[in-house]
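So in my numbering the end of the sequence shown lands on 1343, straight run, no missing numbers. These notes are about the structure you will find just below.
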Amino acid sequence: MTSLARQLQDGINREAPETQKGELERIAVALLNLFDGYDSLLTELKRDRLAEAIHHLSVLKSIQQNLPAGEGGGLSAPEEGGSALNFLSLPVQSVRGVGPRVAELLTRKNLSTVEDLLYFLPRRYDDRRTVCRISETVPGIRQTVVGRITLADMRFYGRRRIFEVTFDDGHGILKAKWFKGREAFLRRTFKPGRRFILAGEITGFPFEREMIHPDFEILDEHEDQLLHFKRIVPVYSETEGLHQKTIRRIMWQVVRDFAHIMWSPIPGRICRKRGLMEISDAVRQVHFPTADQEMEACQEMRTEAHRRLIYDEFFYFQLGMALRKRGDVLEHGIAFRAGGEMLQRFYTLLPFALTSAQRRVIAEIERDMTAVRVMNRLLQGDVGSGKTVVSMAAMIIACENGYQSAMMAPTEILAEQHYRNLKTWSDKLGLKIELLTGGLKTAEKRELQARLENGESDIAVGTHALIQEEVAFHRLGLAVIDEQHRFGVVQRAALRKKGAIPDVLVMTATPIPRTLAMTVYGDLDVSLIDEMPPGKKPVRTKIFSEAQRNRVYEIIRREVQKENQIFIVYPLVEESENLDLKDATRMAQHLREEIFPDCRIGLVHGRMKGAEKDRVMADFIAKEIQILVSTTVIEVGIDIPEASLMVIEHAERFGLSQLHQLRGRVGRSDIPSFCILLTQYSRSEDARKRLRIMEETTDGFRIAEEDLAIRGPGEFMGTRQSGLPDFRVANILRDGRILSEAKADAFALVDEDPRLEMSDHIPLREALLRRWGGRLELAKIG
């Protein structure tokens, strides 16, 4: 076998291309080392080394299969990148110790390639560098101990079966307990006399020391090569059928065999400028930190290794955003003419004067629309700041130039609200407006689509139905997308494709914190309406506990007597067996029959058919309904000027931004308005703090920052939000400084090379397309 390994090395020297020799020589040396002193080894160790040799040979075969035709073997040097990519694309079964069953379990966690495994990062770390005497352990802290088994047996505590193992280290006694697990396995593993190393939280004080389901490993002659102890140990998220130790062994193997060939196409000058370590070293150290690392830095992902991986993720995404933005700058759009007679007539129709912020933002939009380049602008404004008026001004500019406009909203109720508001103005201006939602009958939908396609209609308002394939526009010039936090980049792009190259105006009533805006809207210019209309009074907010419910009912009666209208919002449509919460359906009946029998009470929720919801909302607008009981279906857009009171039940169940949106449904006229947060927050101090913020401020931007900090970006943007990048390690809250650096570097690089055509940048372009091409609609740079 030794002779075979040497022949392999000779063959490499004679026949392998220069760029391939390094990797092949590493494998040849590994083979030589494996068979050094082979004859004197015990049979079990021989078997282990043979298995490892077979693994190396299979890697060699994989390398050969991934080489261009005519080359002999080996992997290209890291700076070449291409073969490294092929190598990292190998299936997980290429990793030693991963058979078909384990590969199937890994695939369930979306880990199907070597690269997937390398980027499957620890969720936390355990510090097992120090072994404690049992007698010196402290309760409530994860610690590591070594002991010999004196007793191991199944114990019965009433009906509960607990497998209990007693360990003695000569200084104290510790009991380890397993409440679940295969008894046969436990008995086979924990035999009296064996020495173990255990790690876990110490409990059971003051009577005895215990560990529940500790991590463990049998101590034997390989004690110096322990993977799970005497080091900072990575802890991964587990999957059914794969225990922590198994996952750790797999990660050790994949990092050892593949991390060294990882390669990054980010230009060296940028890495040197930012003081970034090599990507291969970063991956190796993130998985298995060196003994001198600070534990706190590992847990908080503040090590230099983490910084490198975080920077890479931000850089690629920001590069994509820069290319989108640069592409829009280079792309010739429609150069509209502004300042037409219809726009001036629209201003005279308004029963109020525009605020200075509205005038400033309209001027910014006019500047974009009259330029040759395509407009891609984000319009931010708090609830009630007047964004709809601004968007109507933009649509009028498009219509005066002979183009159509489309406004897409996330829900039918919001689309209908926009339609009603815009129709008031469009009818007076002689513009034909349409409403397209999923609830239309087939025949109605066909007729409406025909009017859009032949140009009879000027403005279309709708939901996702607007981006369906069968919807075509005669001459779409402007796409307005409302409540952007519910849409992603791909939906935006789909609406844009309905026109040649329409301008895009994105509106959001949920103020977006700076770091989040840099991430999700990095390709957009930002306009901000930071001024409320004069005379608009802030909504006073107060927290009431469940014990004060009757006081809340008195306040509702008082508002009804003033002929004002009231919203009462619940988190659920119907009663849930799993949650002890009041629901809208049951409470509407209770309020009608027992609390306010003399009041007209309506019910609206998301499960109702469109026509039914429309009827209830129409009755509420017409003041046929005095109290509207609802779920969060009225969260955005509903405009009821006579509504003066918002009561939110179980307010502790809602996010701050959602509460702010709900509060925004009242206070839409000069009537003094109030918001009551009815809560059982005694269960949670966090809930108490959150709701106090609502009492303290009506500033949507401050509320958004607090909400983002509390819930994190994923929850803040909404479950499975398609516009939010699926970062593996980066966190936009924690890593804001790195995000700013990555954005500056990415945008500077695109300014230098707008299509990434320089030879140094071509691998970067390919890597970007592989990572983000589909998500960011970047095909045009390929």
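Quick reminder that beta carbons are idealized off the backbone N, C-alpha and C, glycines included.
Contacting residues, own chain, Cβ-Cβ under 7 Å from histidine 789 (five flanking each side not counted): Asp776, Glu778, Lys806, Arg809
Residue range of the beta strand (DSSP E) that includes glutamate 855: Per DSSP, glutamate 855 belongs to no beta strand (DSSP E) and is neither H nor E.
DSSP state of arginine 703 mapped onto helix, strand, coil: strand
Boundaries (first-last residue) of the alpha helix (DSSP H) holding glutamine 1219: 1217–1224
Three-pair Cβ contact test at 8 Å for the stretch 793–806 versus the stretch 821–836: Output reads no: the stretch 821–836 does not touch the stretch 793–806.
Proximity to leucine 1239 [Cα-Cα], best of Pro1132, Ala932, Phe717, Leu678: Pro1132
Tyrosine 1082 burial status per 10 Å Cβ neighbour count (16 or more: buried): buried
Among Gln1029, Ser952, Leu975, Pro1072, nearest to isoleucine 1020 - alpha-carbon criterion: Ser952
Sequence ranges, alpha helix (DSSP H) only - wholly within the stretch 728–783, length at least 4: 744–750
Minimum C-alpha distance to alanine 1108 - residue among His1211, Met1068, Thr1071, Val1032: His1211
Burial state of glutamine 1187 (16 or more Cβ within 10 Å): buried
Boundaries of the beta strand (DSSP E) in which arginine 938 is found, first to last residue: 937–942
Residue interval of the beta strand (DSSP E) (run including valine 1290): Note, valine 1290: premise wrong, no beta strand (DSSP E); not H, not E.
Distance between histidine 1166 and threonine 1192 (C-alpha atoms, nearest Å): 5 Å
Aspartate 818 versus methionine 772 - alpha carbon distance: 35 Å
Contact between the stretch 682–694 and the stretch 736–743 (3+ Cβ pairs under 8 Å): Result no; under three Cβ-Cβ pairs closer than 8 Å.
Endpoints, the alpha helix (DSSP H) within which serine 987 is located: 973–990
Nearest neighbour of alanine 843, chosen from Ala852, Met856, Leu870, Glu613 [CA to CA]: Leu870
Assigned secondary structure, cysteine 1236 (DSSP; H/G/I helix, E/B strand, else coil): strand
For methionine 903, three-class secondary structure by DSSP: helix
Buried or exposed (CB count within 10 angstroms, at least 16 for buried), glutamate 1257: exposed
Distance between tyrosine 872 and alanine 1303 (C-alpha atoms, nearest Å): Annotation: alanine 1303 to tyrosine 872 spans about 6 Å, alpha carbon to alpha carbon.
Reduced DSSP secondary structure (H/G/I, E/B, other) of glutamine 1126: Here glutamine 1126 sits in strand by DSSP.
Leucine 1027, DSSP secondary structure in three states: helix
At least three beta-carbon pairs within less than 8 Å, the stretch 1263–1272 to the stretch 1216–1226: yes
Residue from Glu1313, Leu1189, Gly1297, Gly1000 whose Cα sits closest to the Cα of alanine 1172: The residue with the shortest Cα to Cα distance from alanine 1172 is Gly1000.
Per-residue DSSP class, three states only, for lysine 1250: helix
For glutamine 965, three-class secondary structure by DSSP: strand
Local conformation of serine 952 per DSSP, three classes: helix
Isoleucine 1201 and glycine 1038 closer than 8 Å at C-beta: no
Alpha-carbon spacing of glutamine 905 relative to aspartate 988, whole angstroms: Answer to the nearest angstrom: the Cα atoms are 16 Å apart.
Straight-line Cα distance separating glycine 802 from leucine 666: 7 Å
As assigned by DSSP and simplified to three states, the class of arginine 1332: helix
Inter-residue Cα distance where the pair is glutamate 1318 and serine 650: 25 Å
Minimum C-alpha distance to alanine 820 - residue among Phe849, Gly836, Ala1179, Arg1253: Phe849
The stretch 992–1010 touching the stretch 923–941, judged by at least three CB pairs closer than 8 Å: no
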